[in-house]
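A.B. asks:
Protein chains in written order, with my numbering: chain A, 1 to 364; chain B, 1 to 185.
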């Protein structure tokens with residue numbers, strides 16, 4: 001590894017950043033997306049008293065005596081089959097669409113979701129490297145800036161498809177995502193009033209010193225959680241998709257890999273939202289015992305921290321999936337009512353109360 | 001009729017009770033299926049539904065206890081069949097005689113197009129000979145349309161033997177009894 005040390009710091013930084021991006025996207029996010037879909041299908045099946053996918057069996061399964069059939073029952077190979085299907089399906093472009101935007105929209109739906117992951121500290125350190133792709137001082141502002149770009153993918157898809165179902169889906173997504181961004185942004189302000197820094201690593205350090213912020217700011221957490229559901233278009237707020245009303249919503253006209261990109265975008269946004277909640281409210285990669293709350297000094301501890309972070313994130317992902325099979329879809333006006341007339345005032349009140357309490361504590 | 005909406009309390013309007021009961025219900029179903037394995041579905045090709053007696057599946061022709069074709073080619077079923085799925089070719093004057101004693105004739109060919117059949121059971125209802133019955137088969141498959149037209153041999157093979165009254169045998173016995181004098185009661 002000498003040749004790395006001989007490079008100048010800028011080159012080292014570039015190489016390690018590239019490495020981290022590749023590892024996070026292709027070894028973490030993509031498999032998690034694929035298997036989140038499987039978990040979604042399995043959990044929905046169990047909640048509805050069914051068995052779920054248990055058929056896909058590639059040729060090599062018959063050489064595995066006991067494990068093979070068990071994995072098939074678990075549906076382990078279904079995500080592979082799904083991916084293969086997406087690639088091999090006919091990529092159909094209807095004649096009535098606006099071609100440029102139609103091709104652009106799926107990409108725009110995926111990219112912001114992935115960019116939002118850049119500032120999330122998913123571990124402490126591994127060797128000399130901090131386990132965050134971009135340790136920005138304005139971390140949370142960057143996230144909100146990027147997340148608000150996510151709406152363009154859906155709106156563009158709705159516009160470009162030139163069909164009434166897609167169009168309605170696009171309109172709904174724009175209204176919904178913009179409304180809930182406000183509640184979401186205001187819900188986290190009290191957190192940063194407590195922490196005194198926008199850098200997400202500092203937020204984790206603050207939580208490692210004291211209690212997790214979910215205990216200090218439960219109202220902020222509830223608002224953030226609900227807004228995250230709305231931002232990622234998950235039930236009970238999946239109005240842009242609304243299969244029962246709008247066929248497929250904004251992605252009605254899409255097929256094969258373009259449709260899969262919307263799917264990846266939705267699940268990546270879920271990952272980003274879960275990761276964000278872990279960082280902001282659940283202490284990030286720390287655990288308040290066994291000395292796990294200090295930056296790692298050994299490789300083992302480094303990997304343990306990443307493991308803790310991923311575990312916390314997956315638990316929240318399961319909550320996302322669980323809620324989907326629990327609540328019916330909100331009506332459009334109820335959604336707007338909840339956002340503007342409940343959560344925005346509540347978030348504002350939370351800011352004021354936090355400010356007053358902080359002022360009272362520091363005034364003495 | 002106007003249904004009056006119940007006034008919700010503040011606690012109920014928070015959505016939280018509905019949320020909690022939702023979590024409870026979904027968890028109950030999840031744990032029941034996941035841990036106790038109590039699923040309500042059936043894994044079809046491996047497990048098959050036990051069809052109850054009296055189920056109206058595919059119509060097949062039946063033989064009587066002595067193994068003879070019961071159908072006498074009266075063509076009532078062909079006439080009554082709503083989707084016109086049944087086609088009967090009668091034996092004609094030079095055709096094969098009926099297998100059953102005392103029966104006048106039997107069909108030279110009897111076809112049911114299972115793609116047209118709606119399993120209504122009219123053929124069974126109208127049959128004066130109890131020769132056609134809706135049986136328990138519900139999953140009929142074939143690789144071509146031609147394969148789905150079941151001919152007489154196939155229908156008889158699938159239909160099996162019917163344990164009902166042998167109408168013409170009794171008629172024959174009655175007739176034989178009347179040949180002797182005095183006629184028995």
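Glycine is no exception: its CB is placed at the ideal position from the N, C-alpha and C atoms.
Show which residues of chain B have a CB atom less than 8 Å away from the CB atom of residue 325 of chain A.
C.D. replies: The answer, in chain order, is 26.
A.B. asks: Cutting at 7 Å between CB atoms, please list the residues of its own chain near residue 20 of chain A, excluding the five before and the five after it.
C.D. replies: Within the same chain, residue 20 of chain A has close Cβ partners 133.
A.B. asks: Taking C-beta pairs closer than 9 Å, name the residues in chain B that residue 418 of chain A reaches, listed in chain order.
C.D. replies: Nothing can be reported for residue 418 of chain A: it is not among the residues displayed for chain A, which extend from 1 to 364.
A.B. asks: Determine whether the Cβ of residue 159 of chain B lies closer than 8 Å to any Cβ atom of chain A.
C.D. replies: No, residue 159 of chain B does not count as interfacial toward chain A.
A.B. asks: Can you list, in chain order, the residues of its chain whose CB lies under 6 Å from that of residue 219 of chain A, leaving out five sequence neighbours each side?
C.D. replies: Correct list, in chain order: 350.
A.B. asks: With 8 Å as the threshold, decide whether the Cβ of residue 10 of chain B is near any Cβ in chain A.
C.D. replies: By this cut-off, residue 10 of chain B is not an interface position.
A.B. asks: Bridge partners of residue 135 of chain B, per DSSP?
C.D. replies: Paired residue(s): none; residue 135 of chain B is not in a bridge.
A.B. asks: Beta strand (DSSP E) containing residue 87 of chain B: first to last residue?
C.D. replies: Here the beta strand (DSSP E) through residue 87 of chain B covers 86-89.
A.B. asks: So, under 8 Å CB-CB, residue 78 of chain A and residue 38 of chain A are touching, yes? Tell me the CB distance rounded to an integer number of Å.
C.D. replies: Going by Cβ atoms, the distance from residue 78 of chain A to residue 38 of chain A rounds to 6 Å, so yes, they are a contact pair.
A.B. asks: Among A:276, A:191, A:251, which residue has its Cα nearest to the Cα of residue 229 of chain A?
C.D. replies: It is A:276 whose Cα lies nearest to the Cα of residue 229 of chain A.
A.B. asks: Residue 152 of chain A: which of A:177, A:6, A:164 sits nearest, CA to CA?
C.D. replies: The option with the nearest alpha carbon to residue 152 of chain A is A:177.
A.B. asks: Looking at the secondary structure, which residues open and close the alpha helix (DSSP H) in which residue 350 of chain A lies?
C.D. replies: 344-363 is the extent of the alpha helix (DSSP H) around residue 350 of chain A.
A.B. asks: Would you kindly report the start and end of the unbroken alpha helix (DSSP H) that includes residue 153 of chain B?
C.D. replies: Unbroken alpha helix (DSSP H) run through residue 153 of chain B: 152-159.
A.B. asks: Could you give the first and the last residue of the continuous alpha helix (DSSP H) run that contains residue 90 of chain A?
C.D. replies: First-last for residue 90 of chain A: undefined, no H or E at that position.
A.B. asks: In terms of DSSP beta bridges, what is residue 60 of chain B paired with?
C.D. replies: Partner(s): B:133.
A.B. asks: Taking residue 99 of chain A and residue 93 of chain A to be in contact with their CB atoms under 8 Å, please state how far apart those CB atoms are, rounded to whole angstroms.
C.D. replies: About 7 Å; that satisfies the 8 Å criterion.
A.B. asks: If contact is defined by three or more beta carbon pairs under 8 Å, each pair taking one atom from either stretch, is the region 113-133 of chain A in contact with the region 276-287 of chain A?
C.D. replies: With a cut-off of 8 Å, the region 113-133 of chain A and the region 276-287 of chain A count as touching, because enough Cβ pairs lie within range.
A.B. asks: Determine contact between the region 118-133 of chain B and the region 72-90 of chain B, defined as no fewer than three beta-carbon pairs at a distance below 8 Å.
C.D. replies: At 8 Å Cβ cutoff, the stretches touch.
A.B. asks: Residues of chain A with a CB under 7 Å from the CB of residue 22 of chain B: which are they?
C.D. replies: Those within 7 Å of residue 22 of chain B in chain A are 326, 327.
A.B. asks: In chain B, which residues lie with their C-beta within 7 Å of the C-beta of residue 47 of chain A?
C.D. replies: In chain order: 26, 29, 30.
A.B. asks: Quick one: grab the DSSP three-state call for residue 109 of chain B.
C.D. replies: Three-state DSSP puts residue 109 of chain B in a strand.
A.B. asks: For residue 322 of chain A and chain B, any beta-carbon pair shorter than 8 Å?
C.D. replies: So yes, residue 322 of chain A belongs to the interface.
A.B. asks: If distances are taken between C-alpha atoms only, which option among A:222, A:262, A:334 comes closest to residue 156 of chain A?
C.D. replies: Nearest of A:222, A:262, A:334 to residue 156 of chain A, Cα basis: A:262.
A.B. asks: Is residue 65 of chain B helix, strand or coil by DSSP?
C.D. replies: In this structure, residue 65 of chain B counts as coil in the three-state DSSP scheme.
A.B. asks: Would you grab the beta carbon distance between residue 63 of chain B and residue 170 of chain B for me? Rounded to a whole angstrom, and I think it's under 8 Å.
C.D. replies: Actually they do not touch by this definition, with Cβ atoms about 17 Å apart.
A.B. asks: Go ahead and pull the three-state DSSP assignment for residue 130 of chain A.
C.D. replies: It is a strand residue.
A.B. asks: Taking the alpha helix (DSSP H) that residue 325 of chain A belongs to, which residues open and close that run?
C.D. replies: Premise fails: residue 325 of chain A is in no alpha helix (DSSP H) and is neither H nor E.
A.B. asks: To which residues of the same chain is residue 32 of chain B closer than 6 Å at the C-beta, ignoring the five residues directly before and after it?
C.D. replies: Cβ within range, chain order: 38.
A.B. asks: Could you give the first and the last residue of the continuous alpha helix (DSSP H) run that contains residue 112 of chain A?
C.D. replies: That run of the alpha helix (DSSP H) goes 99-115.
A.B. asks: How about residue 172 of chain A and residue 235 of chain A: do their beta carbons lie closer than 8 Å?
C.D. replies: Cβ atoms of residue 172 of chain A and residue 235 of chain A: not closer than 8 Å.
A.B. asks: Classify residue 311 of chain A as helix, strand or coil using the three-state DSSP reduction.
C.D. replies: It is helical.
A.B. asks: Name the two residues that bound the continuous alpha helix (DSSP H) containing residue 276 of chain A.
C.D. replies: Element bounds for residue 276 of chain A: 256-281.
A.B. asks: Quick check on residue 58 of chain B: buried or exposed, where buried means 16 or more other Cβ atoms within 10 Å of its Cβ?
C.D. replies: Burial call: buried.
A.B. asks: So which of A:12, A:46, A:198 has the shortest CA-CA distance to residue 28 of chain B?
C.D. replies: With distances taken between Cα atoms, residue 28 of chain B lies closest to A:46.
A.B. asks: Residue ranges of each beta strand (DSSP E) run of no fewer than 3 residues wholly in the region 156-194 of chain A, ordered along the chain?
C.D. replies: Counting whole runs of 3 or more residues, the region 156-194 of chain A contains no beta strand (DSSP E) stretch at all.
A.B. asks: Rounding to the nearest angstrom, what Cα-Cα distance links residue 106 of chain B and residue 176 of chain B in this structure?
C.D. replies: If I take the Cα positions, the gap works out to 23 Å.
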